[in-house]
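Below you'll find the structure, written out as structure tokens, and then a few comments.
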Amino acid sequence: MHFASRLLLILSLLVAPLAFANGADSKLPFTLKGQWQQGSMLIGNTVPGNQVWFNGRALSVSPDGDFVFGLDRDEKPDAEIKVQTSPEAAPQIWPYKVAARAWSIQRIDGLLPDKVEPPAAVTARIEREAVLLNAARDRDTPQTGFRQNFIWAATGRISGVFGNQRILNGIPKQPHYGVDVAVPTGTVIRAPADGVVSLAEPDLYFTGGTIIIDHGQGVSSIMVHLSALKAKVGDVVKQGDVVALSGMTGRATGPHLHWGINWFRSRLDPEKLLPPMPVSRKK
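Put into structure tokens, the structure is as follows:
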């Protein structure tokens, strides 16, 4: 065998396992839909009964073999999926790379000082409300509303996008974990996908009127700054059902809908799940 031919054979043997590890082999025991990019949600399917892990976390698998996971706004670049096809089989691992995104800076002025730097007197209230919010986000239920093509909860001018670093009254704060849609107070807010209402609070300190819809397997929508709630905890809602009216309650400088998507406590970008905003509503 010529030296060049032998070298080509050696290189092909070295590269082949790497291609399989990155999902290029047709014998993968799962399929995935979504982007390996910060803020994305990925939906997978495998043989029912298979066990699946994402970054060491066991995932729920539906009777149809569906599973889901999300990539946080600050997701690290290295990720992996592990699958075990039977109790006797050794788990297999596939590594993936998560693409980073560039985030802009968003400056918001005119907020009440106590909404930017809350006084000590409201610390206990904020902590209690954080417990409620996290409990709603931590649910791992068998709903599969996440499989639907999400719709806009409201349509209008997009006034804030996911991921921007926010500077409030000149003070750097947390990034913006959702999309803002500028709509008048009283605008109908609809369920973006099927689910169960897991939180409905009329007056939280930062978010005012707040509703969370559990779409299953850790995926949830949160809509905030609402003027009225039209659904209660435990309500089963279908995509398009009216769940609230928009407002400017909580920490808001004008009427709008803030809508966020979570996979458990990972923050995802709603716009990556949606069709483009209708052109007539962008302006």
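FYI, my numbering numbers position 18 of the sequence shown as 9, with every residue one higher than the one before it. For glycine and all other residues, C-beta sits at the position ideal for the given N, C-alpha and C. Keep in mind the model is a prediction, meaning the values are calculated, not measured.
Taking a cut-off of 8 angstroms on C-beta distances, the region 112 to 127 does not touch the region 64 to 75, as fewer than three cross pairs fall below it.
For E192, DSSP records a beta bridge to T201.
Shown here, T114 sits in a helix according to DSSP, grouped into three states.
Rounded to the nearest angstrom, the Cβ distance from G61 to W254 is 3 angstroms, consistent with a contact under 8 angstroms.
Partner residues in the beta bridge of A49, as assigned by DSSP, are W44.
By the criterion of a C-beta distance shorter than 7 angstroms, G30 is surrounded in its chain by L62, R64, R92, F153, G154, L259, D260, K263, once the five residues flanking it on both sides are discounted. For P104, the uninterrupted alpha helix (DSSP H) segment begins and ends at 104 to 107. Its Cα nearest to that of T132, the residue I204 stands out among K88, W143, I204.
By the neighbour-count definition (other C-beta atoms within 10 Å, threshold 16), E108 is an exposed residue.
In its chain, beyond the 5 residues on either side, E192, L195, V215 have a beta carbon closer than 6 angstroms to the beta carbon of T201.
For L19 and S257, the gap between their C-alpha atoms comes out near 26 angstroms. The alpha-carbon separation between S53 and P39 amounts to approximately 7 angstroms.
For A235, the enclosing beta strand (DSSP E) stretches over residues 233 to 237.
A straight-line Cα-Cα distance of about 25 angstroms links W94 and F45. Closest option to G147, judged by alpha-carbon separation, among R48, S212, T176: T176. Between G186 and L217, the gap from beta carbon to beta carbon reaches 7 angstroms or more. As DSSP reads the structure, T37 sits in a beta bridge with F21. One thing to note: F141 has its Cβ within 7 angstroms of the Cβ of P183.
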